[in-house]
Every structure is written in C-alpha cells, then in structure tokens.
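Using our numbering, you'd call the opening residue of the sequence shown number 965 and step up by one each time.
Heads up, the beta-carbon is just placed ideally off N, CA and C, and yes, glycines get one too.
It should be emphasised that the depicted structure is a prediction, and the values quoted were computed from it without experimental measurement.
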Amino acid sequence: MVTIIEIIGLAFVDAVNPCALAVMIIVLMTLLTQNPEKKRQVLLGGLFFILAVFILYFLYGLIMIQFFSHVIP
C-alpha cells in the first residue's frame, strides 16, 4: 500500500520535470518582460506555478490510489 508520504515525494519529484520547468521559464520571462520593475511578482508567479503543479500531481496520485484500491481489492 502506498502511503501519503510516498505520494507527496512522488508528486514533488514529478513536479520537477524538464517540461514543467520549460513552461515555468516561459511564463516567468513573459511576466518579467511585461513588468521588469516588479520582480517580486515574477518570484510569486514562479512559486505559485510550482505549488499548483505539486498540488495537481498530489491530487492525481490520491485519485489513482483510490481508484486502484477499489478496482484491485
């Protein structure tokens, strides 16, 4: 059985992938070119992006565990 700690670890590891990092860089560069004086906004944008990816992968892991625990008893 997979524990919550393992799901958190897997979500964290999967959230740091090259595709997500490339998208984050594009988003942050767009924010920075539109508002070069608002570096704090760019930092917060990056942190919220990382948090959102982590939360989505975490929820996806929980849903998969619930699904497979009902399908495979």
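I want to know whether the stretch 971–986 touches the stretch 994–1010 - three or more CB-CB distances under 8 angstroms.
no
Cβ neighbours of residue 1010 in the same chain (closer than 7 angstroms, five flanking residues each side left out)
Locating residue 1010 in the sequence shown gives position 46, where the first residue counts as 1. 988, 992, listed in sequence order.
Please state the DSSP three-state secondary structure of residue 997.
Walking along the sequence shown from the start, residue 997 turns up at place 33. DSSP places residue 997 in helix when its eight states are reduced to three.
Could you name the residues of the same chain whose beta carbon sits closer than 6 angstroms to that of residue 1026, not counting the 5 residues immediately before and after it, in chain order?
Taking the sequence shown and counting its residues from 1, one reaches residue 1026 at position 62. There are no such residues.
Terminal residues of the continuous alpha helix (DSSP H) containing residue 1036?
Numbered from its first residue, the sequence shown carries residue 1036 at position 72. That residue, residue 1036, is in no alpha helix (DSSP H); it is neither H nor E in DSSP.
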